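Take a look at the structure set out below.
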Amino acid sequence: MSDRIANILDGKALAKKIKLSLKDRIESIQSQVNRPPGLAVLMVGDNPASKVYVRNKEKSCGKLGINSYGRHFPSQTSFEEVKNAILELNQNPEVDGILVQLPLPEHLDSVALLNLIHPDKDVDGLHPLNLGRLVRGEEGLRSCTPAGVMRVLEEYEIECSGKNVVVVGRSILVGKPLALMLLAKNATLTIAHSRTQNLAGVTREADIVVAAAGKPNLISKEMIKVGATVIDVGINRIPNPEEEGKFRLVGDVDFESVAQSAGYITPVPGGIGPMTVAMLLENTVLSYQRRMGI
Ligand code: NAD
């Protein structure tokens, strides 16, 4: 028997709902204009997790009626080659979104490549101009994972205003942009990271904890206030004790124990992962609408 009392924040179901509404939106726009939206996902090398993510993104595009212009380069591809592909896609009028799947092989400067993406096609929201717009509270394309977290909170009517919110992790991909989005919703914000002393003391004060550290079981029941909301962004591949040689995905939160006292919790898988893809597709459609003037 499970001792779970927490309500599940079902990112998978919400992502499905968002994708269905995007499909309708694309269909109705296409009755006015003569081309579908286009998304280019660029991948370099054979990182197995990246392959799965790219395949999922392209599959979702196909289901929604978004054309894929993706390219998969071998791991030894030069900076110049990837750069030229990005510059070509910037010019291609049928492409509304460009995403470089991270991580890139070590010999490629990912920041320099991300900065080459035209800001209007930067559907991952990582270009300095879009990050700057976020800092200033201006409209712009927002990073997908943090946007997915915010959408889950909104959907389940979990109030951020004035609440103590702790974000564990300060990466440019998740922690920092998420902190800015939470501030924009008037959260009283703490960012914890690898140098934080007494992490448990910090998280225990929080009404909402978002874990984005990439450390399995970092967040345990003792670190969470009873009734708090716990969002698990982490995706960690760990050996599966039940099947030798196989792996399973876990988050940063010890789900079974934390779910015994939290008020709301996201599962892994089925939480923020699918929301990240949904936000990417939404950004692509937003960019498409802006570019078509609709
Ligand atoms: P990262 O390695 O760039 O950053 C990790 C952050 O966590 C750092 O800021 C570090 O200071 C902090 N940290 C590490 N150990 C810590 C500890 N013991 N205590 C407190 N803070 C600690 O990682 P990232 O790119 O931000 O990703 C974080 C996690 O989220 C990873 O598991 C990644 O796979 C996952 N992720 C998931 C999605 C999704 O779609 N759900 C998207 C992006 C990243």
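Heads up, the sequence shown is in my numbering, so the first residue is 78 and it goes up one at a time.
Think of the CB as a built atom: it goes at the ideal place given N, C-alpha and C, for glycine as much as any other residue.
Bear in mind the structure is a predicted one, so any value in this text is a computation, not a measurement.
For residue i versus residue j, is the C-beta distance shorter than 7 Å?
i	j	result
V345	K134	no
G246	A189	no
V242	L266	yes
L181	F156	no
P170	G142	no
I173	R368	For clarity, residue 173 is Asp in the given sequence; the question names Ile instead. Contact flag set, yes.
V310	V362	no
I312	V335	no
I268	V287	no
L110	N360	It should be pointed out that residue 110 corresponds to Val in this sequence rather than to Leu. Contact: no.
A264	K292	no
Buried or exposed: which applies to residue i, given that a residue is buried once 16 or more other Cβ atoms fall within 10 Å of its Cβ?
i	result
I371	exposed
I194	buried
V118	buried
R132	exposed
N207	buried
E320	exposed
A90	exposed
G328	buried
G88	buried
A162	buried
H270	exposed
M78	Caution is warranted here: a pLDDT of 48 is assigned to M78, below 50, making its placement in the model unreliable, and the coordinate value is therefore given only provisionally. Classification of M78: exposed, given that the 10 Å Cβ count is below 16.
G115	buried
Please return the same chain residues whose Cβ sits closer than 6 Å to the Cβ of residue i, not counting the five positions on each side in sequence.
i	result
D331	N294, S297
G304	G340
L202	The sequence as given places Gly at residue 202; Leu does not occur at that position. Contacts found: L218, R219, S220.
G225	I349, M352, T353, M356
What does a CB cutoff of less than 7 Å around residue i pick up in its chain, not counting 5 residues either side in sequence?
i	result
K323	N317
Y130	Q178
Would residue i pass as an interface residue toward chain D - the criterion being a Cβ-Cβ separation below 7 Å?
i	result
A283	Of the protein chains in the structure, only one exists, and it is not chain D.
Residues whose Cβ lies closer than 6 Å to any heavy atom of ligand 1, in chain order:
Every residue passing the under-6 Å Cβ criterion appears here: T222, V245, G246, R247, S248, L250, V251, G252, A269, H270, S271, T273, L276, A289, A290, G291, K292, L295, V310, G311, I312, N313, I349, G350, T353.
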